[in-house]
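If you're matching them up, the sequences are chains A and B in order.
For what it's worth, the numbering used here labels the leading residue of the first sequence as 36, then goes sequentially.
For what it's worth, the numbering used here labels the leading residue of the second sequence as 1303, then goes sequentially.
Heads up, the beta-carbon is just placed ideally off N, CA and C, and yes, glycines get one too.
Note that the structure is predicted; figures quoted are calculated from it, not measured.
Structure record follows, encoded as structure tokens.
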Amino acid sequence: MTKRSTTHATFVIEREYPHPPAKVFAAFADAKQKIKWFGGPDNWDKSNYQLDFRVGGKESISGGPPGGTVHAYDATIWDIAENERIVLAYDLLLDSVRISVSLATTEIKPSGNGTQLIYTEQGVYLDGYDDAGQREEGTQQLFNQLEAFLNK
Amino acid sequence: MTTLAHATVVMERTYGASPARVFAAWSDVEARKRWSAPADNIRIEYEAADFREGGKDVSRCIEPGNADYVATVTYVDIRKDQRIVFAEDVVHGNKRVSAALISMELTAKGAETHLALTMQIASFDEAGMEAGYQFGWNAALDNLAKEFAQ
């Protein structure tokens, strides 16, 4: 039997983008935009992206390094306030093993001529496969990718 | 603008029953109806109950003189007799007031079972729902002990 364990942790990432809130929100809400920055690094294989952006809607993506571990992300959207807030819960599976479940809140606020983004992830890491430090690092990378996308 | 508050609340109890018995009190919706109401004048009604990974519960917390609290639960990770992880949102009247990620872990301690409940809460009404979770779950976990009292 697998040794069961859970570790709970919360991390917060704050970013400033020189773009209006509506543009930042659209990068999350529009599937065609989100797939351009969301997911693993550029050299990963990605498949099965879907986003049904409404409360109760699902988002999923699978991917990983070529020939390597398959990462599967599955989310349910719990709350949307247009141009202000998105709340979703997601789980992450590595080759079909569930390694974490997270509640992720993205807050979007006007800041000068741009936008402040506050991302809070409250997570439970299961059975020792991952931890909040690694997840935060990966998420920082996602927001770098978002920044590059917005600046294009 | 909306006001968000994030919190993590941990509760622990030790019950005089095996992990299998404590787990059964969570997996069985009839048992849950008995112990999850936090006060004598509050009752819980289920509109849907589907205890499996990906399954959903919809329950209504009914208190005289107050709008119902409607909780929608999605079960994410279930390990029989060991662990349940679920996501939940709560709607009060016509307003969504919180989303939460909740994990419940059971550990055998001799003939008893240690239960750890961790609630990671995003409250949309400032800290109001954090207080709601504190009140509701403290009472429910105390009630749960009565399931094993005979």
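N-terminal and C-terminal residue of the beta strand (DSSP E) that residue i is part of
i, result
"residue 1404(B)", "1397-1411"
"residue 1382(B)", "Run containing residue 1382(B): none; DSSP gives neither H nor E here."
"residue 133(A)", "132-146"
"residue 99(A)", "93-99"
"residue 1361(B)", "1358-1364"
"residue 50(A)", "41-52"
"residue 170(A)", "No beta strand (DSSP E) holds residue 170(A); the alpha helix (DSSP H) holding it covers 167-186."
Chain A within 8 Å of residue i, Cβ atoms only
i, result
"residue 1416(B)", "no"
"residue 1326(B)", "no"
"residue 1405(B)", "yes"
"residue 1436(B)", "no"
"residue 1410(B)", "no"
"residue 1310(B)", "yes"
"residue 1402(B)", "yes"
"residue 1398(B)", "yes"
"residue 1316(B)", "no"
"residue 1379(B)", "yes"
"residue 1391(B)", "yes"
"residue 1387(B)", "yes"
"residue 1306(B)", "yes"
Any non-hydrogen atom of the ligand ATP closer than 7 Å to residue i Cβ
i, result
"residue 187(A)", "Judged by which ligands are present, the structure shown has none, so any question about the ligand ATP falls away."
Own chain residues within Cβ distance below 6 Å of residue i, not counting five before or after
i, result
"residue 1362(B)", "1347, 1370 and 1372"
"residue 1420(B)", "1312 and 1405"
"residue 1339(B)", "1345 and 1346"
Any chain B beta carbon closer than 8 Å to residue i
i, result
"residue 39(A)", "yes"
"residue 174(A)", "no"
"residue 136(A)", "yes"
"residue 161(A)", "yes"
"residue 43(A)", "yes"
Nearest residue (CA-CA) to residue i, options the options
i, options, result
"residue 81(A)", "92(A), 45(A), 107(A) and 63(A)", "107(A)"
"residue 149(A)", "48(A), 58(A), 45(A) and 71(A)", "58(A)"
"residue 178(A)", "45(A), 111(A), 138(A) and 153(A)", "153(A)"
"residue 1413(B)", "1324(B), 1435(B) and 1309(B)", "1324(B)"
"residue 1350(B)", "1341(B), 1342(B), 1356(B) and 1360(B)", "1360(B)"
"residue 1448(B)", "1321(B), 1322(B), 1336(B) and 1400(B)", "1336(B)"
"residue 96(A)", "121(A), 122(A), 113(A) and 128(A)", "128(A)"
Contacts around residue i, its chain only, beta-carbon distance under 7 Å, and the 5 residues preceding and following it disregarded
i, result
"residue 1403(B)", "1389 and 1422"
"residue 1319(B)", "1415 and 1450"
"residue 64(A)", "88"
Endpoints, alpha helix (DSSP H) assigned at residue i
i, result
"residue 1435(B)", "1430-1449"
"residue 1311(B)", "That residue, residue 1311(B), is in no alpha helix (DSSP H); its beta strand (DSSP E) goes 1307-1317."
"residue 1337(B)", "1331-1338"
"residue 72(A)", "66-72"
Close-in-space but distant-in-sequence residues of the same chain around residue i (CB under 8 Å, 5 per side omitted)
i, result
"residue 103(A)", "none"
"residue 1443(B)", "1313, 1315, 1417 and 1419"
"residue 51(A)", "146, 149, 150, 151 and 152"
"residue 118(A)", "56, 57, 60 and 143"
"residue 125(A)", "94, 108, 109, 110, 111, 136, 137 and 139"
**Asked** Which residues, in chain order, does the segment 113-134 of chain A contribute to contact with chain B at a C-beta distance below 8 Å?
**Response** 113, 114, 116, 119, 120, 122, 124, 126 and 133
**Message:** Closer than 8 Å between beta carbons: that is the criterion. Which residues of the segment 138-159 of chain A meet it against chain B?
**Reply:** 138, 140, 142, 144, 155, 157, 158 and 159
**Message:** Give me the subset of the segment 79-106 of chain A whose CB atoms are less than 9 Å from a CB atom of chain B, sorted by chain position.
**Reply:** 90 and 91
**Request:** Using a Cβ-Cβ cut-off of less than 9 Å, give me the residues of the segment 1416-1431 of chain B that come near chain A, in sequence order.
**Result:** 1418, 1420, 1422, 1423, 1424 and 1426
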